[in-house]
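Some notes on the structure that comes next.
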Amino acid sequence: MSGRKIEIIFNERLKEALLARNPNWTGKIVAEETGIFEQSAGARPDIVVNTPSGIPVVVETEFDPARTVEDDAFNRIGNTIKQDGKAVEQSVALCVPENIRKASDMRQAIERASFRLCVWSADAERWPDEGWCSVDIDELTSTIELVSLSENQLREGEKILNLGIEQAAQILEDKGRSLPEMLAAISDELHQKDSKQTRGMAMSIIANALFFHTKIAGMHGVKTLNDHRNENHDLLKSEILKTWSYIYQNINYIPIFKTASLLLRPISNGTAQRILNRLAYVAEGLSNIGATTQHDLHGRLFQRLITDRKFLASFYTLPESARLLAEIAVDRIDVDWSDSDAIGELRIGDFACGTGALLNAAYAAVASRHRRTGGDDKAIHPRMMERVLVGADILPAATHLTASVLSSVQPEVPFDNTSIVTLEYGATPEDSGRYIAIGALDLIDQQRVRDLFDDRNDRVRGSEKGDMQERLEISHKSFDIVIMNPPFTRPTGHEAEKIGVPVPSFAGLNTPEEEQRKMSEKLGKITKPEMAGHGNAGLASNFLDVAHSKVKPGGIVAVVLPSAFVIGAAWKKARDLFEKYYRDITVVSISPHGGKDRAFSFDTGTAEILLIATRKNERISTKTTFVNFDRRPQSILESVVMARSIGRISTAKNEGFLTAGSYIKGSITQGGFAGIKNSSVAKTADGIHRKMLFLPRSLEEIELPTTQLSSLGERGPFVLDINGKNRGPFDIVSIGGGYPNVPRTVGT
7 MSGRKIEIIF NERLKEALLA RNPNWTGKIV AEETGIFEQS AGARPDIVVN TPSGIPVVVE
67 TEFDPARTVE DDAFNRIGNT IKQDGKAVEQ SVALCVPENI RKASDMRQAI ERASFRLCVW
127 SADAERWPDE GWCSVDIDEL TSTIELVSLS ENQLREGEKI LNLGIEQAAQ ILEDKGRSLP
187 EMLAAISDEL HQKDSKQTRG MAMSIIANAL FFHTKIAGMH GVKTLNDHRN ENHDLLKSEI
247 LKTWSYIYQN INYIPIFKTA SLLLRPISNG TAQRILNRLA YVAEGLSNIG ATTQHDLHGR
307 LFQRLITDRK FLASFYTLPE SARLLAEIAV DRIDVDWSDS DAIGELRIGD FACGTGALLN
367 AAYAAVASRH RRTGGDDKAI HPRMMERVLV GADILPAATH LTASVLSSVQ PEVPFDNTSI
427 VTLEYGATPE DSGRYIAIGA LDLIDQQRVR DLFDDRNDRV RGSEKGDMQE RLEISHKSFD
487 IVIMNPPFTR PTGHEAEKIG VPVPSFAGLN TPEEEQRKMS EKLGKITKPE MAGHGNAGLA
547 SNFLDVAHSK VKPGGIVAVV LPSAFVIGAA WKKARDLFEK YYRDITVVSI SPHGGKDRAF
607 SFDTGTAEIL LIATRKNERI STKTTFVNFD RRPQSILESV VMARSIGRIS TAKNEGFLTA
667 GSYIKGSITQ GGFAGIKNSS VAKTADGIHR KMLFLPRSLE EIELPTTQLS SLGERGPFVL
727 DINGKNRGPF DIVSIGGGYP NVPRTVGT
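See the structure below:
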């Protein structure tokens with residue numbers, strides 16, 4: 007058989023293998039066909055995947071040594087698909103092992119093969135920058151899925167969204183000068199004071215509803231936005247509210263449309279018309295992108311608009327970081343991914359969910375694994391929304407956005423109640439029986455749902471028809487994964503003095519000073535000596551206690567934490583807790599070349615780590631793996647690849663290299679291993695800790711005499727013990743000049 011015929015057969019078999027791993031590509035993937043491109047009808051690309059919601063992706067294949075496959079792939083960039091006019095922005099060059107050419111069963115050989123690939127994009131960028139990425143057939147499928155999202159369109163979409171919301175918020179502000187009661191009603195609905203950020207948040211939620219409206223228009227009898235315009239081509243508030251009411255009462259999507267309706271209703275008709283016209287333009291522009299929900303574009307903007315971001319410390323988890331953490335965690339779940347019923351029994355919780363970036367990433371990781379087995383991810387959507395994904399936050403607008411982001415993954419699939427709740431925070435009505443609530447931290451000692459979730463806890467519903475008497479169950483030791491990026495603020499006097507509030511940890515949502523103190527006292531009573539929580543470590547340590555109380559034996563805790571976790575004295579209790587109760591602990595950090603960008607969150611300005619650990623279900627101990635990446639992942643694809651490299655770390659090797667980084671194993675108490683780029687430096691530090699000197703290239707360690715600093719002298723007092731407001735005996739007073747009439751500085 008000729009070489010060309012073998013290549014054609016291979017591409018057909020590869021198409022079959024890809025389709026088996028993503029049934030959604032039925033009718034959307036072709037191999038060895040002509041007439042695909044407008045520019046050159048006779049061209050025969052090896053494989054083309056073109057879905058309605060993404061950009062077309064071309065896969066060019068060649069058997070090793072594959073000397074021309076990159077040129078073939080690069081030359082496909084910029085071609086236009088004849089059928090729909092979409093341009094090719096991403097192309098994959100795939101190197102195929104030579105032994106497949108002679109395989110008697112080529113399909114089986116594809117299933118077992120290890121391929122090498124690179125990706126070329128429209129801006130002439132290659133990924134990876136150099137070399138090749140080794141993948142199996144599952145990972146090739148994931149690569150095609152992920153590069154079908156247009157980064158250029160996403161960047162343009164963010165610009166459109168930012169500008170549109172700013173303009174709509176300005177329209178609202180201008181009218182609010184003469185109608186302050188309108189702004190007050192909107193602020194009350196969002197549980198915040200009126201401000202530029204609050205108005206922006208309101209416009210963001212309305213824009214989200216309009217955007218989602220464009221996605222479901224034509225289904226369930228929902229009219230398009232243009233059907234709501236009058237003879238002057240203006241959108242009418244009354245007509246929009248009528249349709250939105252119909253949607254959430256009869257179809258689905260309360261998280262999106264009811265909240266937006268409550269915010270739109272107080273706005274005067276003329277002002278609402280101007281706002282709707284402006285935001286409808288934004289929504290229609292975003293709907294053309296087709297991948298906004300996957301990249302959580304709306305959530306990225308939403309976090310910038312939260313008024314109390316310092317006090318709530320709800321920094322936005324970057325989509326790339328969220329997917330990295332979720333992929334590592336979900337990969338540890340022991341479940342049959344082909345069994346939709348088994349998937350429906352999982353529980354994945356985020357008790358500081360913010361805008362839902364982590365839950366969204368976890369959903370994507372679960373859905374992709376189900377697709378790889380030939381499963382239909384639409385079929386699991388109701389169960390994912392109603393039971394599997396559990397989110398909680400103290401901001402009502404945040405939980406509604408979380409629910410809307412998750413529900414928009416499959417907008418045409420209805421569901422009933424979600425498991426997304428807005429938690430009470432601060433003083434509660436006296437008949438609640440609790441009076442003071444501290445949000446998710448109440449979950450540390452709460453086992454009975456009835457005691458925590460009364461009628462004032464807002465459980466977000468998918469439709470009005472859901473049973474609101476049903477209570478969300480958050481029992482101890484019941485979650486397969488707890489994944490969080492908890493707030494970092496500290497309740498200490500030092501932090502309080504710096505920013506001028508009594509208890510910074512509880513200053514969010516404008517809680518009065520007395521409430522702040524009572525909330526802090528309640529947390530103190532809940533926190534037991536053996537728990538991770540420590541005042542100087544901040545609320546993130548208390549959220550570890552929430553995670554520990556909820557994760558089941560064999561379940562996974564996956565959290566974003568300040569890097570102080572690995573060596574900070576205040577975090578010792580947390581490290582001890584993980585050393586005692588967890589195994590297979592992985593600490594992921596960033597150690598860039600001369601850079602300072604060591605965060606996994608947006609705009610934190612502080613170094614962070616990812617902590618992933620499996621709760622022990624038997625008495626075994628394992629080493630902690632410290633993974634140090636050269637940089638934060640730059641794309642979702644890179645996140646998935648980095649996570650895969652961590653999952654493949656050998657149990658037999660104590661150190662080695664990974665994609666864009668390295669790893670070294672040790673004890674959780676050896677936190678100094680985190681953030682070290684060169685593993686030999688970490689080994690030397692470990693040797694010094696053991697009173698041994700290890701030098702690179704040396705075969706033996708040398709005994710190193712050491713002593714403790716305490717044997718050489720005493721530590722001096724802490725700064726707050728000298729002039730601290732509450733505990734220091736002295737005040738620092740500036741010394742004036744001895745001779746007031748003589749200038750301090752004499753010029754020449």
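For reference, each letter of the sequence shown is one residue, going 7 to 754 in our numbering.
Where is the CB? At the ideal position from N, CA and C, for every residue including glycine.
Beta-bridge partners of Glu66 (DSSP): Ala99. Inter-segment contact for the region 384-399 and the region 421-437 is present: three or more beta-carbon pairs are separated by less than 8 Å. Contact between Asn634 and Lys683 holds, with the beta-carbon distance rounding to 6 Å and staying under 8 Å.
Residues Phe606, Ser607 and Phe608 of the same chain have their beta carbon placed closer than 7 Å to that of Leu324, with the five preceding and five following residues left out of the count.
Judged by DSSP in its simplified three-state form, Ala543 adopts coil rather than helix or strand. As DSSP reads the structure, Ala37 sits in a beta bridge with Ile53. The three-state secondary structure of Trp250, taken from DSSP, is helix. Judged by pairs of C-beta atoms under 8 Å, the region 327-341 does not touch the region 542-559, as fewer than three such pairs exist. Counting along the chain, Arg122 sits inside the beta strand (DSSP E) bounded by residues Phe121 to Ser127. Using a Cβ distance threshold of 7 Å, Ile444 and Leu529 count as a contacting pair. Thr361 is a Cβ neighbour of Ala404, given a cutoff of 7 Å. Across the structure, Trp126 and Asn236 are spaced so that their CA atoms are roughly 47 Å apart. Under the three-state reduction of DSSP, Thr149 is assigned to helix.
For Lys558, the enclosing beta strand (DSSP E) stretches over residues Val557 to Pro568.
Met390 sits in a helix when the DSSP states are folded into three classes. Contact annotation: the region 250-264 does not touch the region 144-158, with fewer than three C-beta pairs closer than 8 Å. Taking the C-beta atoms as reference points, Val288 is found nearer than 7 Å to Ile166. Excluding sequence positions up to five before and after Arg375, its CB lies within less than 6 Å of the CB of Trp343, all in the same chain and listed in chain order.
Ranked by Cα distance from Arg284, the first of Ala373, Gly182, Met391 and Leu178 is Leu178. By the criterion of a C-beta distance shorter than 6 Å, Ala223 is surrounded in its chain by Thr230, once the five residues flanking it on both sides are discounted. In the assembly as shown, His239 is an exposed residue. Its beta-carbon has fewer than 16 other beta-carbons within 10 Å. Taken atom to atom, the span from the alpha-carbon of Gly33 to that of Lys21 is near 11 Å. Note on Gln640: under 16 other CB atoms within 10 angstroms of its CB, so exposed under the neighbour-count rule. In this structure, Thr592 lies near Ile618, with their beta-carbon atoms less than 7 Å apart. By the C-beta density criterion, His406 is buried, having at least 16 other C-beta atoms within 10 angstroms. When C-beta atoms of the region 533-543 are compared with those of the region 571-580, three or more pairs fall below 8 Å, so the two segments count as touching. Annotated three-state conformation of Leu718 is coil, per DSSP. The Cβ-Cβ distance between Ile14 and Leu25 does not fall below 7 Å. Collapsing the DSSP output to three states places Val94 in coil.
The region 154-235 is shown to contain whole alpha helix (DSSP H) runs of 4 or more residues at 157-182, 186-196 and 202-222, in chain order. By the 16-neighbour rule on beta-carbons within 10 angstroms, Glu521 is buried. For the 7 Å CB-CB criterion, Pro272 and Ile192 form a contact. For Tyr441, DSSP records no beta bridge to any residue. Apart from sequence neighbours up to five positions away, the residues of its chain that approach Ala570 with a beta-carbon distance below 8 Å are Ala543, Ala576 and Trp577, ordered along the chain. Taking a contact as a CB-CB distance under 8 Å, the pair Ile87 and Ile42 counts as one, their CB atoms being some 7 Å apart. Beyond the five residues adjoining it in sequence on each side, Val102 comes within less than 8 Å, by CB distance, of Phe16, Thr67, Glu68, Phe69, Asp70, Ala72, Ala119 and Phe121 in the same chain, given in chain order.
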